[in-house]
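Chains as they are written, first to last, in the working numbering: chain A, 1 to 275; chain B, 1 to 793; chain C, 1 to 212. Glycine residues also receive a C-beta, built at the ideal position from the N, C-alpha and C atoms. The structure appears below as structure tokens.
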Amino acid sequence: MPDNFSGKVAVIQFPGVNCESETVRAVRAAGLESGIFRWNMPPRLLGEALAVILPGGFSYQDRIRAGVVAAKDTIMDKLSDFARDGKPVLGICNGAQVLVEAGFIPGMHWEKIDLALAPNVMSDREGYYCNWVHIRVEGNNCLWMNKYKEGDIIPVPVAHAEGRFVTNDKDIINDIRKNNQIVLRYCTESGDLDSSFPVNPNGSVENAAGICNPQGNVLAMMPHPERASWLRQVPEDISGKWKAKRRNACCRPEKMEEEGPGLAFFASLVKEMVG
Amino acid sequence: MSKGTVSIKGKPDSEVKESLSEYGFNITVAEARRVVELVGRDPTLVELTIFNTMWSEHCSYKSSAKVLSEFLPTEASNVVLGPGEDAGVIRFAPAGKDDSYCLVIAHESHNHPSQVLPVEGAATGIGGIVRDVYCMGADVVGVLDPLRFGDPNGENGQESIAIARGVIDGIAQYGNALGVPNLGGDLIFDGGYDENCLVNVVAVGLIKESRLIRSRVPDEAKRTPYKLILVGKPTDDSGFGGAAFASEDLADEEEADRGAVQVPDPFLKRVLTVANRRVLDLAHEKGVKVGFKDLGAGGIACVTSEMADAGGFGARLNLDRVNLATGDYSPSVISCSETQERYCLAVPEDFVDDVLAIYNEDYELPHIYHGAGAFVIGDVINEKIYRIESGGEVVCETPVGVITTGISYDREKKTGKRIFNEPELDPSRSIEEDFLKIISSPNIASRNYVFRHYDSEVQGRAVIRPGEADAGVIAPIHGSKIGLAFSVDGNSYYGRVDPYQGGALAVCEAARNVAAVGAVPSTVTDCLNYGNPEYPEIFWEFYEGVRGIGDACRGIGLIGKEGEPLPVVSGNVSFYNQGKSGKAIPPTPVIACAGVVEDYSRSRSIFFKEEGSSVFLIGEPLDELGGSEYYRLIYNTSGANIPQADFIRERNQIKTIIDMHGLGWIRACHDISQGGLITALAEMAVGANPALGLTVNLDEFGGTALEPEKLLFSETGSFVVELPGGIERKVLALCARNRVKLFRLGYLVSRPKLNIIAGNERLATWDIAELRDIYMNGCRSIFGKQEGRISAR
Amino acid sequence: MKARAKLWVKLKVTDLVVETAWLTLTEKLEFGDILYGLAKYSCWFMTCEGSDSESIINALDRVISLDSAFTNQNKHKYSLIVEGENRSSGEDGKEGVLRRGDLQPEKDFLFRVEVGSAELYVCDCLVSELESDKDKSYADRLNGRLDGVFVSEMRAGLVWRMIVRADSKDDAAEKVQKMAVTRSRREGLLLNPHYQEFEIISTLNLSERSRV
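Structural data, given as structure tokens:
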């Protein structure tokens with residue numbers, strides 16, 4: 001565990017998260033230094049980081065509600081300042097749940113709870129659901145996505161029980177839409193927005209898979225880009241244009257190590273930071 | 001020692017029996033007298049509690065050990081550690097100059113607890129098995145779960161479904177939260193499990209050979225003082241008597257045993273796991289030798305005595321230092337309770353502070369869980385004495401070897417009489433309609449609905465996921481093309497007819513499954529689930545099953561290492577699987593096979609890939625429909641002619657498939673098992689993207705005199721492969737060289753129909769989209785949306 | 001007749017969710033000097049129709065004991081109370097309230113800190129999901145197995161029992177609301193108002209109670 005995060009991407013390890021190692025690996029593959037930041041390390045160390053990622057997993061075992069206990073941790077005070085300074089913050093899955101429960105997302109009213117990531121609503125089951133889905137890139141408002149183009153279709157896995165973006169305040173949704181904050185939407189392999197399960201795997205409002213703050217430096221996304229950062233991670237029978245790429249790598253192990261559909265989230269940070 | 005002793009010496013059997021049952025002990029009077037002999041006096045209550053646990057079937061393998069050592073091959077050139085410790089270890093790839101990457105594998109059952117409390121029982125099963133792998137110093141990279149439930153349409157159907165649902169939830173809740181991907185499993189519904197489900201669990205881990213940690217006090221303790229540290233959840237009575245519980249028949253009132261069911265906590269386990277990793281890394285950096293073992297059955301007494309004895313030491317414990325949950329616990333409970341999420345470390349005295357700081361400060365265990373933490377509970381001593389003190393008194397003091405030696409029985413066995421008949425085929429039946437029944441059967445239909453409950457992606461190593469092929473494949477080492485493949489198998493319907501074949505065929509199928517993704521079967525583990533071994537017929541089933549496994553492991557062998565067996569490196573025996581009515585489960589040896597893939601980029605899914613590809617059958621369908629899905633569903637009989645394991649044929653076929661992968665020919669490959677050839681073809685077709693069709697001409701089987709139904713539904717082990725067109729001659733040559741039979745089934749076309757013809761006669765046609773609907777919904781329809789358990793009572 | 005039925009279910013073993021909630025409220029959110037006790041129950045509030053209270057409670061008791069979606073006796077304690085809508089229908093006037101189960105919610109107070117002379121209130125807060133079909137599916141589930149009894153209304157949720165130091169009932173309610181409803185990062189924990197709702201279903205002054 002490093003004791004210095006200067007110039008690095010800090011991946012925060014709340015107790016119970018479990019995607020910290022592969023997230024660090026993906027960031028490194030994109031070309032940045034990265035290390036795991038244990039939740040109770042001195043907060044000032046976090047201040048020096050280049051960017052912060054809250055990885056997936058089950059912080060505090062999703063007790064009470066996914067993300068809410070971590071959202072109250074002391075380190076979040078520091079992260080709040082960090083995010084308000086416009087520095088890059090990404091929450092993946094459980095990390096997204098933490099960002100929503102901390103009120104960083106949607107972030108029009110800083111630290112106010114304007115959204116929830118509620119239990120999945122699915123047609124034939126309840127609870128946890130893990131599968132590959134497609135998401136569509138919307139707008140170009142978010143620094144974590146500047147390597148993608150509007151309309152790009154990204155195959156990526158989801159794995160969660162509480163991933164349904166929802167609000168009981170119509171104005172909030174209108175504002176979010178107006179600000180182009182819904183930057184990722186669940187879609188079919190050809191990019192159509194179908195709101196039914198399993199295309200929309202959790203019943204999320206507006207098919208939202210990822211929502212950023214108005215400034216675009218903080219992104220909360222439910223799918224796991226670190227699990228789609230190498231071609232080998234993509235199922236060979238996936239629909240859409242990545243299938244041909246993936247199948248082309250069969251019997252060519254060196255090609256399997258090439259970039260997968262999710263790596264650009266981390267590579268976008270390189271572009272943002274290094275230009 | 002007078003205080004708290006149990007009087008046995010000089011007492012008549014009836015009195016001893018009474019006092020044993022008063023204390024709730026399961027050991028027999030004879031065993032209690034043996035304890036007196038060993039300790040040389042009446043034992044203390046704590047001592048007798050320890051023996052009661054250590055001599056349970058679950059801990060001592062007292063009925064099974066001799067049979068296992070008689071038949072199972074445990075040595076081969078790839079074996080680092082065979083049975084004996086918590087998990088087996090094989091090496092599978094070089095790691096630099098003098099080191100190897102190793103696969104660590106462990107396999108257990110958690111049947112009884114899952115029957116009583118499905119969610120917690122199954123979760124605890126996962127929790128226990130991953131600990132066995134973690135404590136070797138390894139990172140757990142996957143779990144698999146072979147499950148057997150009662151007949152969903154039978155008398156106890158509602159309850160069976162509810163148990164199945166609970167078990168699936170439990171596995172998901174624990175594994176997903178812990179961050180260990182699910183690599184596969186199998187799911188069989190069979191009325192034989194109506195009163196006693198089977199929840200077997202397999203965990204696999206990764207470690208470099210040089211970093212392997214042993215479950216023993218290191219040699220260095222001869223020179224430096226060593227301390228014993230207990231870390232994890234505060235000890236309570238939640239699992240008190242658990243080992244004994246696993247070795248009892250399910251009582252009439254299941255609730256009576258509730259004390260034995262442990263409370264799993266994947267959150268605490270996850271934090272412990274990262275903290276353990278830090279401790280072991282620091283020990284490695286500092287060159288400190290440590291011993292490390294998880295607490296399972298038998299709790300503190302079992303773990304400390306075994307660690308000390310294995311290293312050639314003794315131990316002195318002070319129970320007053322054990323962190324306890326709120327409540328009042330006797331020394332016996334503290335010594336032997338099975339509280340989950342605990343480990344024991346043996347570390348040199350001058351490393352103790354580092355270890356405590358990592359657990360208690362860096363990872364704040366006391367804040368993660370009230371009362372959790374790491375505490376020094378005793379010393380390693382050179383004298384081979386095992387002593388426990390509590391409240392200033394010695395509550396246990398015996399030579400350490402006495403505790404760990406165990407006992408053994410020669411159980412009587414008697415050949416079971418079984419009469420089975422083949423059904424007479426009804427030529428008026430429609431293959432077309434019959435197959436729709438087969439493919440919608442809960443034992444055949446897609447398990448996709450179940451798999452989606454599990455995280456198959458976490459850790460980012462997945463190459464082939466559950467349901468995509470016959471085995472799950474991961475790329476364990478980043479940047480390396482080496483892959484590992486895993487499968488679990490064990491068909492209860494074969495073991496019923498012939499328990500020897502049940503064992504042998506389970507190995508064959510598991511090996512076949514990993515070969516189907518191009519892996520060389522490299523090791524197996526076994527979980528042997530049977531009824532009460534005190535019944536001679538049950539013990540015979542067990543004996544035959546193990547004999548079958550042993551023969552299969554030697555017969556198939558280690559491909560590429562002439563003369564070496566496929567080694568069995570770990571396993572578990574689960575007896576007393578019978579329910580309220582006293583009916584035992586069908587003999588169910590479950591085999592997990594791990595295979596090594598030279599180049600994972602050649603491992604393909606079972607789904608058809610390209611128009612114009614040729615589809616071949618490797619191996620010949622024989623008149624072996626006994627125990628088949630077809631006989632059971634269509635003729636309502638098991639039949640008599642179950643597949644007969646032919647190890648030379650299996651070995652040759654497996655070698656051929658691995659050769660084809662090596663040559664880069666395989667586009668899709670699927671083994672034939674339940675449901676036969678036609679099921680295999682349908683499964684390959686329904687997932688094809690884009691949709692593809694095939695016409696199979698049964699005249700290709702010309703020489704064989706089998707009826708079309710038998711050709712299509714025979715479960716003789718073989719493979720279907722999709723290969724590029726234009727290499728037929730090479731394929732023929734390879735098969736001839738390997739002495740395997742080859743049949744051309746046809747070539748893939750874009751018209752999405754599956755046709756069966758014989759010459760010019762059309763026997764059956766199915767629309768692939770229709771097959772997909774039926775296949776994908778067969779399992780979902782059982783589980784529906786309701787949650788929770790409904791008892792039939 | 002119509003009757004109201006209440007089912008309260010509690011874990012026999014330590015409820016880890018409660019443990020985490022307690023730590024979060026008292027240490028991270030600084031309610032340490034307000035909160036004196038915390039417990040959690042799964043609850044179902046129903047309106048049932050049947051011939052009489054006795055047959056209603058017997059039918060309900062049988063079904064909920066066999067269905068782990070409600071109780072599993074290996075891990076739960078429960079309290080089932082049926083109260084006839086027309087209390088006077090009972091001959092001795094007591095028939096109106098019937099009880100089953102091994103839990104007594106009205107006596108189940110767990111104090112986690114020294115009480116001293118503080119004025120304490122017990123507030124039961126029901127948290128349930130907005131726009132959820134859970135209530136209906138629970139009712140369907142019961143009606144599928146109940147014989148001669150029909151569940152016509154159902155409300156399911158979690159009840160958090162909070163023992164708080166307060167000056168008055170209103171003060172207690174306000175403090176409980178602050179702890180429960182997550183309005184911002186520093187306010188509230190137990191529910192997210194964007195998909196959950198919250199209702200204080202009872203408030204009891206503990207010192208008044210002890211005087212009774």
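Three-state secondary structure (DSSP) of residue i
i	result
N689/B	coil
E83/C	strand
V400/B	helix
K17/B	helix
W22/C	helix
W110/A	coil
N200/B	strand
E22/A	helix
F265/A	helix
Terminal residues of the beta strand (DSSP E) in which residue i lies
i	result
Y500/B	Segment 499-515 is the alpha helix (DSSP H) holding Y500/B; no beta strand (DSSP E) there.
Q196/C	196-205
Y536/B	Correcting the residue type first, residue 536/B is Pro in the shown sequence and not Tyr. No beta strand (DSSP E) contains P536/B, which is instead part of the alpha helix (DSSP H) from 536-556.
F14/A	Neither: F14/A is in no beta strand (DSSP E) and is coded neither H nor E.
H134/A	129-137
L7/C	2-11
For residue i, the first and last residue of its enclosing alpha helix (DSSP H)
i	result
H367/B	365-368
E709/B	708-713
C336/B	331-336
W242/A	242-248
Opposing strand residues paired with residue i [DSSP bridges]
i	result
R155/C	F45/C
R342/B	G232/B
P521/B	G595/B
P94/B	S100/B
G210/A	L184/A, M221/A
G205/B	V104/B, V140/B
K66/B	DSSP, once it has assigned bridges, lists no residue as partnering K66/B.
L324/B	T235/B
Short Cβ contact (7 Å threshold) for residue i with residue j
i	j	result
G31/A	N217/A	no
S492/B	T588/B	yes
C212/A	R136/A	no
G179/B	R227/A	no
P88/A	G35/A	no
N279/A	S59/A	There is no way to answer for residue 279/A, as the model of chain A reaches only from 1 to 275.
C779/B	E650/B	no
D455/B	P118/B	no
Interface residues of chain D facing residue i [CB-CB closer than 8 Å]
i	result
G103/A	Annotation note: the requested chain D is absent from the structure, which comprises protein chains A, B and C.
| Got a sec: which bits of the segment 14-32 of chain C sit with their beta carbon under 8 Å from any beta carbon on chain B, in order along the chain? | T14, L16, E19, L23
At a CB distance below 9 Å, what residues from the segment 170-194 of chain B approach chain A? Give them in sequence order. A172, Q173, N176, A177, L178, G179, V180, N182
Item to complete: Please list the residues of the segment 93-121 of chain B that have a C-beta atom closer than 9 Å to any C-beta atom in chain C, keeping them in chain order.
Response: V116, L117, P118, V119, E120
### Query
Given a limit of 9 Å on CB to CB distance, which residues of the segment 52-73 of chain C reach chain A?
none
Next on the checklist: To be precise: take each residue of the segment 190-203 of chain C, compare its Cβ to all Cβ atoms of chain A, and keep it if any distance is under 7 Å. Which residues remain?
Outcome noted: L190, N192, P193, H194, Y195
According to a CB-to-CB cut-off of less than 8 Å, which residues of the segment 70-85 of chain A neighbour chain C?
A71, K72, D73, T74, M76, S80
*asked:* Beta carbons nearer than 9 Å to chain C: which residues of the segment 42-73 of chain A have them?
replied: Y60, Q61, R63, I64, R65, V68, V69, A71, K72, D73
Determine which residues of the segment 130-153 of chain C have a Cβ less than 7 Å from any Cβ of chain A, and write them out in chain order. L130
Interface residues of the segment 761-781 of chain B facing chain C [CB-CB below 7 Å]: none
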